[in-house]
Each structure stands twice: as C-alpha cells, then as structure tokens.
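Engineer: Sequential numbering from -5 applies to the sequence shown in my numbering.
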Amino acid sequence: MVRVRRGARIVSAVVAAVLGASLAGCSSTGGKRAEDERAAKSAGGRAAVDTPRWTFAMVTHSGAGDSFWDIVQNGAKQAAAKDNIKFVYANDEEAARQSQLVQSYIDAKVDGLIVTLAKPDAMKDVVAKAEKAGIPVITVNSGSAESKAFGALSHIGQDETVAGEAVGEELNRRGRKKALCVLHEQGNVGHEQRCDGAKKSFKGELQKLYVEGTNMPDVQSSIESKLQADSAIDSVVTLGAPFAPTAVKAKEQAGSKAEIDTFDLNAQVAAGLQDGSLGFAVDQQPYLQGYQAVDLLWLYKYNSDVLGGGKPVLTGPQVITKKDAAALQEYTKRGTR
C-alpha cells in the first residue's frame, strides 16, 4: 500500500517504483508467464481472456489500516486476475496528495484509472487531465453526484443520501427517538450525505458528532462524553465498520442503553450483529465496487462497453441485521464482505 507524506516529487518516485517493479516482469515472455501464474494462483484460477496485459491503477482517499479498502482491493484483484490486468493501488487520506498520486499514474501512462471523489474539488482537475491523456476513468465509492460531470465513464457504489435514508427508516422501525451520527472524516461529502439522508427520513431527532477518525481513543472519548451528557440518545450510528466496536466501548463506559448501528460490514461487525452488541449495519458491498470497476474498465478497453447510462451503478444499500449475520460471517472472514 503506497503512502505518501511529502510533495509531488516523492509521489512520482514512489509510483514509478511500484509500476517499475510490477511491469518489469512483462518485458519478456518468461516474466509475463511468471506474473500471470502468480496472479492466477492468488485468484484461484487462470486468466479467462487473452487481451493485452493492461495496467489499471486505483487511487483512493483511504487512511492507513481501513479494512473496508482491503475488501475493495480483494474484489479488484480477483477481477484483474480474470481479465489479465496488472492492478496497482495507492491511497492517501489528504486530498491534495491523492490528486498527486493520480497525476503520477497519468504520467506513467497507465491504461485505466479508478478513483474516489470523497473531496471532489481537489480531484476535478486531475480527472480532467486523465481524460485529456486518453486514460479512461471510473469512480467508485464516493462522488456519485460529480462523477459524470468530471468526465468519468461510470460511478460504482451506493447513493449516500439514499443509504442515509435507509438508516433513518430502519431507526423508525426500531422505535428510536434520538440518534447520534458520528462523522470520522471532516470534509468527506459522502459522510455528510449519509447523516443528512438519515436526518431526512428519521422521524426523531438526529445530531451530528465530528471526531478525529485517525485517533480511536479520541473517537471513544467523544462518543462517551456525548452519551454521558445526553441520556436521551438511544441510537449511535457510525459511518464505518472499524468505528462500531469503539462506539460499543464508549456506550459501555458511559453506562448508556443506546443501540450501536453502523455503515459497512466486516468480520467484527458480523460478530457484533450476532451477539447483539450491534443493531444493524448498512452494507454497500465494497468487494463489488473493486471487482466491477476493474471489470468495467476491461470491458471498455476491449469492447467500448459502458454501464449506468450516466447514472451510478449501485452496490447498496443493504440493511444487515442479526438474522443475516451468520450467513455472511463466512464471507467476512475471507475478506469478500
């Protein structure tokens, strides 16, 4: 996983190293065969096509250690092995550095780009540069409203406002009256849309709580303080699976009876749904986001196919409860849900 902390020059050097190492094996037939064999082995099967060995790069706004993006990458790698694609990945939670990473892949002349638009203003110009360079772009996860205007072929993910509305409706079904929506990344438009969507459909009162997502002790203490100060809060909604267990700890320390609910799914969330420490989760199927992005880029390169007709290709929302958790736990453990 590429992490960048200093200027565009270092970004370029890091990406060049990643691409150089990954493409060196393609300079001879033997190297390509070895690389293909490794990819096929990791995917559990051989490439299903004989199209050129194109290189697709994904650049996301993920911070370090976010299991959600591991699942996205698992999907992308599976599709890449099937489609004879060399897949490379980079990420930076700071928008300007994410943009620099995209620019470096443009400079390296990759064959396709997959990007997130969590902070669209910072990404608009570099997506336009990719289009001008003749590199097709697909957006995933965040930025569905901006994707088409920025020139992307398709957007794959969930409509965050619709997902938020699903949360509000589920809270209504559960008879909740006062909810706390915990935003762990300020400036992320998708997070705001989730909370605003929930507020729109929720018949009770919803408050926002901004926390520093890179500091879990701070997240816990902030939620705990809020619950201690307001005993009427009967539901806490976190916007990412890694934050749900932290919210559970905050609830316990505060002596609160609030239900903890979350966006996204992983093995720990599935276990929490089963044991009742979590009420429900909203799954946007990140594996599909990675898999479909690579597959659609391949289809575009091979056959000029585009999906969505200018509308997002939706992978969620799907509300997951205790009754669903047992069936999904096997898939969360293998990193595909």
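Using N, Cα and C, we set each Cβ at its ideal position, and we do this for glycine too.
As the structure is a prediction and not an experimental result, all values here were calculated from the model.
Going by other Cβ atoms of all chains shown within 10 Å of its Cβ, with 16 needed for buried, is Asn68 buried or exposed?
Structural biologist: Against the sequence shown, residue 68 aligns to sequence position 74. So Asn68 counts as buried.
Engineer: Looking only at DSSP bridge pairs, what is Leu203 linked to?
Structural biologist: Counting from 1 along the sequence shown, the entry for residue 203 is found at position 209. DSSP, once it has assigned bridges, lists Val176 as partnering Leu203.
Engineer: From the DSSP secondary-structure annotation, give me the bridge partner or partners of Val53.
Structural biologist: Your numbering for residue 53 matches position 59 in the sequence shown. Its beta-bridge partners are Ala84, Val109.
Engineer: For the beta strand (DSSP E) containing Gln312, name the first residue and the last one.
Structural biologist: Your numbering for residue 312 matches position 318 in the sequence shown. Run containing Gln312: 312 to 314, per the beta strand (DSSP E) assignment.
Engineer: So the candidates are Asp115, Gln152, Glu154, Gly151; which of them puts its Cα closest to the Cα of Phe144?
Structural biologist: As a working note, residue 144 is residue 150 in the sequence shown. When only C-alpha atoms are compared, the closest one is Asp115.
Engineer: Suppose you measure from the CA of Ser195 to the CA of Leu308; what does that come to, to the nearest Å?
Structural biologist: Translated into the one-based positions of the sequence shown, residue 195 becomes position 201. Translated into the one-based positions of the sequence shown, residue 308 becomes position 314. The alpha-carbon atoms of Ser195 and Leu308 are separated by roughly 20 Å.
Engineer: Are the CB atoms of Glu140 and Leu111 nearer to each other than 7 Å?
Structural biologist: If you number the sequence shown from 1, residue 140 lands on position 146. If you number the sequence shown from 1, residue 111 lands on position 117. For Glu140 and Leu111, yes; Cβs fall inside 7 Å.
Engineer: Would DSSP call Ser271 helix, strand or coil?
Structural biologist: Taking the first residue of the sequence shown as position 1, residue 271 is located at position 277. Looking at Ser271 - three-state DSSP - the assignment turns out to be coil, as it is neither helix nor strand.
Engineer: Could you give the residue range of the beta strand (DSSP E) that holds Phe257?
Structural biologist: Here the question's residue 257 lines up with position 263 in the sequence shown. Residues 253 to 257.
Engineer: Just grab the DSSP bridge partners of Cys234 for me.
Structural biologist: Along the sequence shown, one-based indexing puts residue 234 at 240. Strictly speaking, residue 234 in this sequence is Gly, with Cys absent from that position. Answer is none; Gly234 lacks a bridge partner.
Engineer: Less than 6 Å between C-beta atoms, sequence neighbours within five positions excluded: which residues of the same chain meet that for Ala264?
Structural biologist: To locate residue 264, count along the sequence shown from 1; it is residue 270. Answer for Ala264: Ala319, Leu322, Gln323, Thr326, listed in chain order.
Engineer: Under 7 Å Cβ to Cβ from Leu301, same chain only, skipping five residues before and after it: list those, please.
Structural biologist: If you number the sequence shown from 1, residue 301 lands on position 307. Around Leu301: Ser148, Leu290, Val307.
Engineer: What do you reckon, are the CB atoms on Glu218 and Gln187 nearer than 7 Å?
Structural biologist: Locating residue 218 in the sequence shown gives position 224, where the first residue counts as 1. Locating residue 187 in the sequence shown gives position 193, where the first residue counts as 1. Not closer than 7 Å, so no.
Engineer: DSSP three-state label for Tyr325, please.
Structural biologist: The residue given as residue 325 occupies position 331 in the sequence shown. Tyr325: helix per DSSP, three-state reduction.
Engineer: Report yes if the C-beta distance between Ile65 and Tyr285 is below 7 Å; otherwise report no.
Structural biologist: Numbered from its first residue, the sequence shown carries residue 65 at position 71. Numbered from its first residue, the sequence shown carries residue 285 at position 291. No.
Engineer: Using the Cβ count rule (16 or more neighbours within 10 Å means buried), how would you classify Gln180?
Structural biologist: Within the sequence shown, residue 180 is the residue found at index 186, counting from 1. The residue in question, Gln180, is exposed, as its Cβ has fewer than 16 Cβ neighbours within 10 Å.
Engineer: What did DSSP end up calling Gln278 once you bin it into helix, strand or coil?
Structural biologist: Counting from 1 along the sequence shown, the entry for residue 278 is found at position 284. Three-state result, Gln278: coil.
Engineer: Exposed or buried, Gly24, counting other C-beta atoms within 10 Å across all chains shown (16 or more means buried)?
Structural biologist: One-based indexing of the sequence shown puts residue 24 at position 30. Confidence is the limiting factor: at Gly24 the pLDDT is only 39, short of 50, which leaves the residue's position unreliable and the question unanswerable from this model.
Engineer: Under the three-state reduction of DSSP, which class applies to Leu165: helix, strand or coil?
Structural biologist: Translated into positions along the sequence shown, residue 165 becomes position 171. Reduced to three states, the DSSP call for Leu165 is helix.
Engineer: Considering only their Cβ atoms, is the gap separating Lys220 from Asn198 smaller than 7 Å?
Structural biologist: For this step, residue 198 is matched to residue 204 along the sequence shown. For this step, residue 220 is matched to residue 226 along the sequence shown. For the record, residue 198 in the displayed sequence is Gly; it is not Asn. Against a cut-off of 7 Å, the Cβ pair of Lys220 and Gly198 comes out as no contact.
Engineer: Could you give the DSSP three-state label for Ser93: helix, strand or coil?
Structural biologist: In the sequence shown, residue 93 corresponds to position 99, counting from 1. In this structure, Ser93 counts as helix in the three-state DSSP scheme.
Engineer: Among residues of its own chain, excluding the 5 on either side of Asp153, which ones have a beta-carbon nearer than 7 Å to its beta-carbon?
Structural biologist: For the purposes of this step, residue 153 is taken as the residue at position 159 of the sequence shown. For Asp153, where only same-chain residues beyond five positions count, the Cβ hits under 7 Å are Ser138, Pro306, Leu308.
Engineer: Rounded to whole angstroms, what is the Cα-Cα separation between Asn85 and Ile100?
Structural biologist: In the sequence shown, the residue the question calls residue 85 occupies position 91. In the sequence shown, the residue the question calls residue 100 occupies position 106. Straight-line Cα distance between these residues: approximately 15 Å.
Engineer: Could you name the residues of the same chain whose beta carbon sits closer than 7 Å to that of Ser216, not counting the 5 residues immediately before and after it, in chain order?
Structural biologist: Reading the sequence shown from its first residue, position 222 is the one you call residue 216. Around Ser216: Leu203, Val205.
Engineer: Can you give me the C-alpha to C-alpha distance between Ala275 and Leu200, rounded to a whole angstrom?
Structural biologist: Sequence index remark: in the sequence shown, residue 275 carries index 281 (1-based). Sequence index remark: in the sequence shown, residue 200 carries index 206 (1-based). Answer to the nearest angstrom: the Cα atoms are 18 Å apart.
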